[in-house]
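Engineer: Residues in the sequence shown are numbered consecutively from 394, following the working numbering. Handing you this structure, nothing more for now.
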Amino acid sequence: MSKTETPSHFIRNIILEDLRTGKNDGRVQTRFPPEPNGYLHIGHAKSFCLNFGLAVEFKGFCNLRFDDTNPSKEDVEYVESIKSDVRWLGFDWGKREYYTSGYFEQLYQFALQLIKAGKAFVCDLSADQIREYRGTLTEPGENSPYRTRPVEENLSLFGRMRAGEFPNGARTLRAKIDMASPNLNLRDPVMYRILYAIHHRTGDQWCIYPTYDFAHGQSDSIEGITHSICTLEFEDHRPLYDWYLEQLNIHHPQQIEFARLNLNYTVLSKRKLLELVEQRHVTGWDDPRMPTLAGLRRRGYTPQSIRSFCERIGVAKKNSMVDIAMLEHCLREELNRRALRVMGVLRPLRVIIDNYPEKQQEELDAVNNPEDPAMGTRKIPFSRVLYIERDDFREDPPKQFFRLAPGREVRLRYAYIIKCVDFVKDTTTGEVTEVHCTFDPDTKSGSPNAARKVKGTIHWVSAEHSLEAEVRLYDHLFVKPDPENVEEGDDWKNALDPNSLETLTSCRVEPGLADAGPGDRYQFERQGYYCVDSVDSSRGALVFNRIVSLRDTWAKIEKAQKG
Ligand code: ATP
Ligand code: MG
Numbered sequence: 394m395s396k397t398e399t400p401s402h403f404i405r406n407i408i409l410e411d412l413r414t415g416k417n418d419g420r421v422q423t424r425f426p427p428e429p430n431g432y433l434h435i436g437h438a439k440s441f442c443l444n445f446g447l448a449v450e451f452k453g454f455c456n457l458r459f460d461d462t463n464p465s466k467e468d469v470e471y472v473e474s475i476k477s478d479v480r481w482l483g484f485d486w487g488k489r490e491y492y493t494s495g496y497f498e499q500l501y502q503f504a505l506q507l508i509k510a511g512k513a514f515v516c517d518l519s520a521d522q523i524r525e526y527r528g529t530l531t532e533p534g535e536n537s538p539y540r541t542r543p544v545e546e547n548l549s550l551f552g553r554m555r556a557g558e559f560p561n562g563a564r565t566l567r568a569k570i571d572m573a574s575p576n577l578n579l580r581d582p583v584m585y586r587i588l589y590a591i592h593h594r595t596g597d598q599w600c601i602y603p604t605y606d607f608a609h610g611q612s613d614s615i616e617g618i619t620h621s622i623c624t625l626e627f628e629d630h631r632p633l634y635d636w637y638l639e640q641l642n643i644h645h646p647q648q649i650e651f652a653r654l655n656l657n658y659t660v661l662s663k664r665k666l667l668e669l670v671e672q673r674h675v676t677g678w679d680d681p682r683m684p685t686l687a688g689l690r691r692r693g694y695t696p697q698s699i700r701s702f703c704e705r706i707g708v709a710k711k712n713s714m715v716d717i718a719m720l721e722h723c724l725r726e727e728l729n730r731r732a733l734r735v736m737g738v739l740r741p742l743r744v745i746i747d748n749y750p751e752k753q754q755e756e757l758d759a760v761n762n763p764e765d766p767a768m769g770t771r772k773i774p775f776s777r778v779l780y781i782e783r784d785d786f787r788e789d790p791p792k793q794f795f796r797l798a799p800g801r802e803v804r805l806r807y808a809y810i811i812k813c814v815d816f817v818k819d820t821t822t823g824e825v826t827e828v829h830c831t832f833d834p835d836t837k838s839g840s841p842n843a844a845r846k847v848k849g850t851i852h853w854v855s856a857e858h859s860l861e862a863e864v865r866l867y868d869h870l871f872v873k874p875d876p877e878n879v880e881e882g883d884d885w886k887n888a889l890d891p892n893s894l895e896t897l898t899s900c901r902v903e904p905g906l907a908d909a910g911p912g913d914r915y916q917f918e919r920q921g922y923y924c925v926d927s928v929d930s931s932r933g934a935l936v937f938n939r940i941v942s943l944r945d946t947w948a949k950i951e952k953a954q955k956g
């Protein structure tokens with residue numbers, strides 16, 4: 394889809410209107426605020442493509458802000474992974490790298506300001522008691538007995554909280570709003586809690602930490618954010634976001650919510666992804682089956698394919714489920730244009746060309762990419778003993794099977810037409826171990842008299858020249874399209890597909906791949922797109938990941954939709 398076809402969306406329209414009315418002096422300042430408690434996934438990519446995209450489009454800026462207010466779950470490993478993922482997708486935050494922890498002192502001052510204004514109080518209720526006092530959706534809550542504490546006492550207690558005089562969880566600082574509000578977020582929400590934990594940036598400097606709700610809006614304000622874009626689950630928090638900023642009387646960004654990305658056959662929740670990693674259902678955050686950017690990258694996804702996917706899915710106000718086939722389609726579209734074609738045989742079957750001289754070998758011309766003549770041609774070796782795909786031979790061919798079978802002819806891609814004259818079977822297993830053929834020397838591809846046609850063309854490699862490789866075939870992580878939708882008492886992990894990885898170890902690829910480097914992508918003709926695994930592959934011990942097969946289910950869906 395070209396830029397001009399991309400439909401506008403409501404957030405862009407809000408910004409256009411703000412620019413028209415001169416709001417924020419015509420500035421557009423967004424931010425992407427990940428919590429460094431896990432690796433980024435494709436849902437986060439939607440969020441930062443949107444935030445960085447709008448900033449670029451309107452000549453503004455987008456900050457990268459680590460929302461690090463929960464030291465017990467956060468780690469520098471995650472900070473580093475987030476930065477490399479955002480960079481990999483091609484976004485540049487320049488010097489605008491911020492941390493909520495960098496504002497801890499300022500946030501503390503804001504809290505003091507609210508206490509002095511009689512808008513916040515120190516509460517001695519335990520977490521359980523706070524919950525009991527909160528009420529329900531249908532019943533109002535009850536005021537905390539500590540709500541009427543005098544300002545001086547609140548200031549002194551809050552200072553002592555900071556000084557480390559009270560144990561974990563003993564007291565909180567709460568906003569004084571309305572325990573009868575129909576919006577539960579406004580029922581005197583907690584602003585600070587006591588937590589003795591080592592923070593990955595501030596160490597043991599603090600033992601009180603602001604909550605997300607208190608930290609987020611104020612951090613937006615400090616950074617001069619104009620449009621604070623977040624996902625729909627924060628819609629109910631917006632009145633609280635606005636309340637803090639109004640009470641503090643500081644720069645007031647506009648919070649705008651959009652629908653998060655949901656993708657079928659996977660889960661997009663860091664908590665769940667962490668569980669998969671910790672319980673070793675996958676090999677790590679970068680397992681090629683994971684919907685994390687690290688996983689997609691290792692699988693072989695390109696940054697451009699992810700960006701065009703994020704653009705294509707659009708931005709809406711209503712939650713929906715996106716078909717993973719659409720993500721795969723965006724990738725195929727790009728790889729079809731860019732990937733070098735090669736021949737790789739996944740499940741090899743030996744073929745002997747009986748009438749081809751024993752010592753002879755030839756170099757044949759193969760096209761690198763029929764979509765792009767500029768990519769040129771390469772030489773591939775041909776000899777008497779070859780490997781073909783086991784599937785491409787049938788002893789008893791069904792109707793419509795146009796590949797190799799006894800007495801049948803087939804074209805070897807870029808080579809000759811061969812005819813099956815015999816085959817050998819393992820007497821115990823009954824498996825075909827060898828196929829004997831003859832070739833027709835007049836049918837060499839590209840030669841003037843190669844015009845003779847046969848119905849099937851298959852891929853192959855020369856046995857002696859080909860390289861052995863391991864190939865990992867991946868399928869969806871889950872067997873159900875909506876793994877998060879589980880019956881009560883059932884575990885979402887029960888829907889994990891035990892066959893999501895199949896490893897083939899005796900594959901053969903053409904010799905030109907000897908120099909293939911980590912992350913290099915190819916189309917194995919007739920099979921799909923494959924990339925050199927960046928972790929386990931090495932020279933002499935090649936490992937390929939199947940990125941995606943050639944069959945494009947999304948193109949079919951789209952065609953059906955258009956009628
Ligand atoms: P998760 O639910 O995976 O734990 P999160 O919201 O807790 O995600 P954050 O690190 O807080 O993770 O997210 C950073 C930003 O990315 C937030 O603005 C959040 O709204 C956005 N985001 C998270 N998940 C999605 C998603 N599936 N689609 C779009 N945006 C998302
Ligand atoms: Mg979050």
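Positions of the beta carbon are idealized from the N, C-alpha and C atoms, including for glycine. Everything numeric in this text was worked out from a predicted model, so none of it was measured.
Taking 7 Å as the limit between beta carbons, can you name the residues of its chain near C455, skipping five residues before and five after?
Structural biologist: On the sequence shown, residue 455 is found 62 positions in, with the first residue counted as 1. Excluding sequence neighbours, C455 sits near T423, R424, F425, N444, F445, A448, W486.
Engineer: I'd like the span of the beta strand (DSSP E) that includes A513, first residue to last.
Structural biologist: Numbered from its first residue, the sequence shown carries residue 513 at position 120. Here the beta strand (DSSP E) through A513 covers 513-516.
Engineer: Check whether the region 624-643 and the region 567-579 touch, using three or more Cβ-Cβ pairs below 8 Å as the test.
Structural biologist: As far as the Cβ criterion goes, the region 624-643 touches the region 567-579, which means the pair count is three or higher.
Engineer: In whole angstroms, what separates the C-alpha of L935 from that of E857?
Structural biologist: For the purposes of this step, residue 935 is identified with residue 542 of the sequence shown, where counting begins at 1. For the purposes of this step, residue 857 is identified with residue 464 of the sequence shown, where counting begins at 1. Looking at the two C-alpha atoms, the distance is approximately 17 Å.
Engineer: Please determine whether the Cβ atom of R731 lies at a distance below 7 Å from any heavy atom of the ligand ATP.
Structural biologist: If you number the sequence shown from 1, residue 731 lands on position 338. In this structure, R731 has its beta carbon at no less than 7 Å from each heavy atom of the ligand ATP.
Engineer: To the nearest angstrom, report how far apart E880 and G823 are at their CA atoms.
Structural biologist: Start at 1 with the first residue of the sequence shown, and residue 880 comes out as number 487. Start at 1 with the first residue of the sequence shown, and residue 823 comes out as number 430. Computed Cα separation, rounded: 46 Å.
Engineer: With a threshold of 7 Å, establish whether the CB of C703 neighbours any heavy atom of the ligand PLP.
Structural biologist: Annotation note on the ligand PLP: not contained in the displayed structure, which lists the ligand ATP and the ligand MG as its ligands.
Engineer: Between which residues of its own chain and T493 is the CB-CB distance below 6 Å, once the five residues before and five after are set aside?
Structural biologist: On the sequence shown, residue 493 is found 100 positions in, with the first residue counted as 1. Once the five neighbours on either side are set aside, the close Cβ partners of T493 are D460, D461, T462, A608, S612.
Engineer: Can you tell me whether L654 sits near the ligand ATP, meaning its C-beta is under 7 Å from at least one heavy atom of the ligand?
Structural biologist: In the sequence shown, residue 654 corresponds to position 261, counting from 1. Checking every heavy atom of the ligand ATP against the Cβ of L654, one is found closer than 7 Å.
Engineer: What does a CB cutoff of less than 7 Å around S395 pick up in its chain, not counting 5 residues either side in sequence?
Structural biologist: The residue you call residue 395 lines up with position 2 of the sequence shown. For S395, the predicted structure reports a pLDDT of 43, less than 50, and the residue's modelled location is therefore unreliable. A value from the coordinates is still provided. Hits under 7 Å: none found.
Engineer: Indicate the three-state DSSP secondary structure (helix, strand or coil) for N642 in the structure shown.
Structural biologist: Counting from 1 along the sequence shown, the entry for residue 642 is found at position 249. N642 falls in the coil class under three-state DSSP.
Engineer: Inspect the CB distances between the region 897-917 and the region 767-783 and report whether three or more fall short of 8 Å.
Structural biologist: yes
Engineer: Report yes if the C-beta of T822 is less than 7 Å from at least one heavy atom of the ligand ATP; otherwise report no.
Structural biologist: Residue mapping note: residue 822 aligns to position 429 of the sequence shown, counting from 1. Incorrect: T822 has no Cβ contact closer than 7 Å to the ligand ATP.
Engineer: Could you check whether the Cβ of L661 sits closer than 7 Å to any heavy atom belonging to the ligand ATP?
Structural biologist: Translated into the one-based positions of the sequence shown, residue 661 becomes position 268. Yes, the ligand ATP has a heavy atom inside 7 Å of this Cβ.
Engineer: Here's the rule: buried if 16 or more other CB atoms are within 10 angstroms of the residue's CB, otherwise exposed. What is L728?
Structural biologist: Residue 728 sits at position 335 when you count from the first residue of the sequence shown. By the neighbour-count rule (16 or more Cβ atoms within 10 Å), L728 is buried.
Engineer: Which whole-angstrom value describes the C-beta separation of E827 and F816, a residue pair presumed to lie in contact below a C-beta threshold of 8 Å?
Structural biologist: The count along the sequence shown starts at 1 and reaches residue 827 at position 434. The count along the sequence shown starts at 1 and reaches residue 816 at position 423. Their Cβ separation, rounded to whole angstroms, is 7 Å, which keeps E827 and F816 in contact under 8 Å.
Engineer: State yes or no: is the C-beta of M584 within less than 8 Å of the C-beta of P603?
Structural biologist: For the purposes of this step, residue 584 is identified with residue 191 of the sequence shown, where counting begins at 1. For the purposes of this step, residue 603 is identified with residue 210 of the sequence shown, where counting begins at 1. In contact: M584 and P603 (Cβ atoms closer than 8 Å).
Engineer: CA-CA distance, I404 and V708?
Structural biologist: Residue 404 sits at position 11 when you count from the first residue of the sequence shown. Residue 708 sits at position 315 when you count from the first residue of the sequence shown. Approximately 8 Å between the Cα atoms of the pair.
Engineer: Is S614 helix, strand or coil by DSSP?
Structural biologist: By 1-based counting over the sequence shown, the position of residue 614 is 221. Secondary structure of S614 (DSSP, three-state): helix.
Engineer: If S421 sits next to H644, beta carbons under 8 Å apart, how far is it from one beta carbon to the other, in whole angstroms?
Structural biologist: Position 28 of the sequence shown, counted from the start, is the residue given in the question as residue 421. Position 251 of the sequence shown, counted from the start, is the residue given in the question as residue 644. The sequence given here places Val at residue 421; Ser does not occur at that position. With 8 Å as the limit, V421 and H644 do not qualify as a contact, their Cβ atoms being about 14 Å apart.
Engineer: Skipping 5 residues on each side, what residues in its chain have a beta carbon closer than 7 Å to that of Y807?
Structural biologist: Locating residue 807 in the sequence shown gives position 414, where the first residue counts as 1. Once the five neighbours on either side are set aside, the close Cβ partners of Y807 are L757, D758, A759, I773, S838.
Engineer: What residues are listed by DSSP as bridge partners for Q647?
Structural biologist: Your numbering for residue 647 matches position 254 in the sequence shown. Looking at the DSSP output, Q647 bridges to H620.
Engineer: Quick one: what does DSSP say H593 is sitting in, helix, strand or coil?
Structural biologist: As a working mapping, residue 593 is identified with position 200 in the sequence shown. If DSSP states are grouped into helix, strand and coil, H593 belongs with coil.
Engineer: Could you compute how far the alpha carbon of T836 sits from the alpha carbon of I810?
Structural biologist: Translated into positions along the sequence shown, residue 836 becomes position 443. Translated into positions along the sequence shown, residue 810 becomes position 417. Computed Cα separation, rounded: 6 Å.
Engineer: Would you be able to state if there are at least three C-beta pairs under 8 Å between the region 529-542 and the region 500-509?
Structural biologist: no
Engineer: Taking C-alpha atoms, which residue in L656, R527, C600, R777 lies nearest to A438?
Structural biologist: The count along the sequence shown starts at 1 and reaches residue 438 at position 45. Here the closest residue by C-alpha is L656.
Engineer: In three-state DSSP terms, what is N938?
Structural biologist: For the purposes of this step, residue 938 is taken as residue 545 along the sequence shown, with counting starting at 1. Three-state result, N938: strand.
Engineer: Comparing the CB of K873 with every heavy atom of the ligand ATP, is any distance shorter than 7 Å?
Structural biologist: Taking the sequence shown and counting its residues from 1, one reaches residue 873 at position 480. No, the Cβ of K873 stays beyond 7 Å of every heavy atom of the ligand ATP.
Engineer: If I follow the unbroken beta strand (DSSP E) through Y922, where does it start and stop?
Structural biologist: For the purposes of this step, residue 922 is taken as the residue at position 529 of the sequence shown. Element bounds for Y922: 921-925.
Engineer: For E764 and P696, what's the separation of their Cα atoms in angstroms?
Structural biologist: Translated into the one-based positions of the sequence shown, residue 764 becomes position 371. Translated into the one-based positions of the sequence shown, residue 696 becomes position 303. About 21 Å.
Engineer: What is the rounded straight-line gap between the Cα of Q920 and the Cα of Q598?
Structural biologist: Residue mapping note: residue 920 aligns to position 527 of the sequence shown, counting from 1. Residue mapping note: residue 598 aligns to position 205 of the sequence shown, counting from 1. Rounded to whole angstroms, Q920 to Q598 spans 57 Å at the Cα level.
Engineer: Should the region 542-552 be called in touch with the region 508-516, which here means at least 3 C-beta pairs below 8 Å?
Structural biologist: Taking 8 Å as the limit for Cβ pairs, the verdict is that the region 508-516 does touch the region 542-552.
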